[in-house]
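Down below is the structure, laid out as structure tokens.
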Amino acid sequence: YHIEYEDTDESINEVIIYHETQEEADERELIQAKQEKQQENIDKCNEKRYSQEFMIFIQEQECLFDSTEQTERDLMKAFMVTMDGVTTYDNWVTNNYITLNLTQKDVLIIYERMNRAITPLYAVQKQYAERIAEATTVEEVRAIVINYEINTNIVDNN
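Quick note: the sequence shown uses my numbering, first residue 22, plus one each step.
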């Protein structure tokens, strides 16, 4: 710390000037690089998480679904409707334009398959997070290439 005093007509103001060492500057830069890389990791994981597509053989048809937030909300709504004693959630249109009247069992199958499509992403996200945390230099952090191109587009025959 270096303290300077500034004399004015009314009072003396203390001005503190902090001179950062190179080691402190490097540490601050590393922390910032890690925070930015962690945010990139989260953003890319979420982007992939909400853009998954998967096929399910359901009601004797090959149906395409996605993992968007809207689909997740719609599945929850369909589940609640079928929980309330309604036999089917009618007129669900799949991503490949097949209209279904979903039973509670169908909803659970779709939801379970959606979870299988997105769960591997969280394991990858954790691995990237650990690599980022373990990096000891800004160069190491910047060298980490975050890629979520995981193939989860599998046909299920339920």
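Beta carbons: idealized from backbone N, C-alpha and C, even for Gly.
Between Val128 and Leu85, the CB-CB gap reaches or exceeds 7 Å. A distance below 7 Å separates the beta carbons of Lys58 and Val162. In its chain, beyond the 5 residues on either side, Gln59 and Asn62 have a beta carbon closer than 7 Å to the beta carbon of Ala150. By the 16-neighbour rule on beta-carbons within 10 angstroms, Ile131 is buried. No Cβ-Cβ contact shorter than 7 Å links Val159 with Glu90.
Of the residues Ala138, Ile119, Leu121 and Asn122, the one whose Cα lies closest to the Cα of Glu74 is Ala138. Going by C-alpha positions, Glu155 is about 34 Å away from Glu133. Taking Leu142 as the centre and dropping the five residues before and after it, the same chain places the C-beta of Cys66, Lys69 and Arg70 closer than 6 Å to its C-beta, in chain order. Cβ-Cβ separation between Thr120 and Val114: approximately 5 Å, consistent with a contact (criterion under 8 Å). According to the DSSP assignment, Thr158 belongs to no alpha helix (DSSP H), since it is labelled neither H nor E.
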